[in-house]
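Participant: Counting along the sequence shown from 1, when you hit position 204 you're at 204 in UniProt numbering, and nothing is skipped either side. Where is the CB? At the ideal position from N, CA and C, for every residue including glycine. This is the structure I want to talk about, given as structure tokens.
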Amino acid sequence: MMALPAAFLSEDQFTCSICLEVFTNPVSTPCGHSFCQACISSYWDGGRSGGGAKSYQCPLCKESFRKRPELQINRTLKEITEQFKQMAATGVRLDGGGGFHDPNNHPYQRHMSLSLSQRRGEMPESIFTEMMTRFQMLPSDGNYQSDPSVQHPDRTNSHPHPGHQIHNDPPPPYSPPRRYTVSGSSDSSSNLPLCPIHRRGLEFFCRTDNTCVCSVCVEMAEHRGHSVIPAKREWQIKKSQIGITEVELKDLICERERKVQEIQSSLRDIQAAAQKETEGAVGTFSKVIANMERCQAEVLEVIEISVRAAERKAQKLMKELEEELSELRTRSSALSQLALSDDYVLFLTTFPAVSVPPQMKDWSGASVESDLTSGGILKTVTQMVDHIQEEMRKLPEVCKSANKHKI
């Protein structure tokens, strides 16, 4: 690859908009923008993480690609970048967008103009045309200006017609170089905000102090040795970073929106489950209460039946006993009267009939008994209630465990 004049090389032209450093293995997207291979790969990988972005987007122009482009290293741009790095390492001064250079380098520039013409087919036509146009704007004397609107009296064309005679006029007196930015010279910056100290346009941005400065501030000791870049260029870089930040923010927004939807869905499920559980619990307890009331009624009925049966048996036994008592009392009265009688004939005649005991029932085994006296029913009911209460005491533990898992 041919060497390039330092006069029309600018660090801004070789700066990746993602890492803000000089290109390393530059690649170009289908939309024409160039980035470091690692930077654009990391940018796309980061944009796709978590399922946020559904397409691959250019950080600068925001053009989207449904399929990830297969990027190849732009070897021409890589070689130009490497030459730029070598020039920067050897101390060649580079001022982006039309800086100034040492007048002693002009012979080298004229030699490179010839090299460009001789080796035209070694680079794309568009790059060659741009480089030739910018190189032709370089003056051949010490009064160097990069503004194409400035006319030089000793040169009307970089390639003079063969019939024209070139006069070797003495060079004009050397004047200090003028500083230019991407938007032109500082004289055209009347619409810029002014420096409160020097009343000059704030054309530059000091990255070290993170503030806008004027051309005089740059030369002051306060900013000497700092990283200074044209303010509009820094503005463009920061605008390109906005695209990256927007993608990251969109990913964060999408992630949180999904989480909100997930929480809302979970809440709806919980509310539906709570309604179902409430209805089921109320229904179950209603059934339990109904069953308890039915059991209560059945127990009371059993007790009532037992009592009535005992009453009937007791009444029957008491009736039989009353009958026998009446007969025994009658015979006892007859014996008492017979004992008081003075008629021995009547006594002897009556005595055999009243002296023999009547046929009586054996009441030694007769009794009225019932299960109620043993407390069996109450004991059974108490055991059943205790079992129900024990099972009901488990409900809070089940509810606590369910709530713990839900949270």
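1) What does the Cβ neighbour count give for residue 234, buried or exposed, with the cut at 16 atoms within 10 Å?
2) In angstroms with no decimal places, state the Cα-to-Cα distance between residue 32 and residue 69.
3) Can you give me the C-alpha to C-alpha distance between residue 432 and residue 309, rounded to a whole angstrom?
4) Nearest to residue 411 by CA position, among 357, 56, 46, 375, is which residue?
5) Residue 229 lies in the alpha helix (DSSP H); which residues open and close that run?
6) Any idea if residue 203 is buried or exposed, counting beta-carbon neighbours within 10 angstroms, 16 or more meaning buried?
7) Is the Cβ-Cβ distance between residue 317 and residue 366 less than 8 angstroms?
8) Which of the three DSSP states is assigned to residue 69 in this structure?
9) Can you tell me whether residue 86 is buried or exposed, with buried defined as 16 or more other CB within 10 angstroms of its CB?
10) Compute the distance between the beta-carbons of residue 27 and residue 14, then report whether it is under 8 angstroms.
11) Excluding the 5 residues flanking residue 111 on each side, which residues of the same chain have their C-beta closer than 7 angstroms to its C-beta?
12) Whole angstroms is fine: what's the gap from residue 388's alpha carbon to residue 359's?
13) Which one or two residues does DSSP pair with residue 201 in a beta bridge?
14) Quick check: the segment 194–210 against the segment 220–239, are at least 3 beta-carbon pairs closer than 8 angstroms?
15) Assuming residue 352 is part of the alpha helix (DSSP H), what are its boundary residues?
16) Short of 8 angstroms in beta carbon distance, which residues of its chain neighbour residue 74, apart from the five on each side in sequence? Order them along the chain.
17) Alpha carbon to alpha carbon, what distance is there between residue 227 and residue 82?
18) For residue 244 and residue 43, which I take to be in contact (beta-carbon distance under 8 angstroms), what is that distance rounded to the nearest angstrom?
19) Taking the DSSP output, what are the residues bridged to residue 56?
20) Rounded to whole angstroms, what's the CA-CA distance from residue 355 to residue 313? Just pull it up for me.
Facilitator: With the structure as the only source:
1) buried
2) 12 angstroms
3) Examination of residue 432 is not possible in this model, given that the chain is present from 1 through 407 alone.
4) Not covered by the structure: residue 411. The range shown for the chain is 1 to 407.
5) Note, residue 229: premise wrong, no alpha helix (DSSP H); beta strand (DSSP E) at 228–230.
6) buried
7) yes
8) coil
9) exposed
10) no
11) No answer about residue 111 holds up, because its pLDDT of 38 lies below 50 and its placement is not dependable.
12) 58 angstroms
13) 194
14) yes
15) 344–355
16) 26, 27, 28, 34
17) 21 angstroms
18) 6 angstroms
19) 65
20) 33 angstroms
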